[in-house]
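Numbering (the working numbering), first residue to last: 1149 to 1247. Ideal Cβ positions, reconstructed from N, Cα and C, are used throughout, including at glycine. Keep in mind it's a predicted model, so treat the numbers as computed, not measured.
And the structure:
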């Protein structure tokens, strides 16, 4: 997050700083959702005829990461958007944006 403030002070367009902040907030939400999914999966007991292989565990982790990224990108009322709204107050206003 430290890169947003200096970029705005160096004359970078406000819209660019807002876009970077929004992207970072949604990425943070994706990390949070990934961790949440992994912890939720740990609560499900393993069962079945064969134990889970390392490849299956890796695939599941990659799937969780992808699903979390998609959910964070689509969710306009989630943690990422709330975080963006809070932190965007510290940035210069965007062109034509109401304050």
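Inset, instruction - Use the C-beta contact count for residue 1177: other C-beta atoms within 10 angstroms, 16 or more gives buried, fewer gives exposed. - result: buried
Legend entry - Anticipated Cβ contact below 8 Å, residue 1218 with residue 1166, distance rounded: So it is not a contact: roughly 22 Å between Cβ atoms.
Inset, instruction - Report yes or no: do the segment 1183-1196 and the segment 1212-1228 share at least 3 C-beta pairs separated by less than 8 Å? - result: yes
Legend entry - Three-state secondary structure (DSSP) of residue 1243: coil
Legend entry - Between the CA atoms of residue 1224 and residue 1203 - distance to the nearest angstrom: 33 Å
Legend entry - Same chain only: Cβ atoms within 8 Å of residue 1162, ignoring 5 sequence neighbours per side: 1156, 1239, 1240, 1241, 1242, 1243
Legend entry - Nonlocal neighbours in the same chain, by C-beta distance under 7 Å from residue 1221, ignoring five residues either side: 1174
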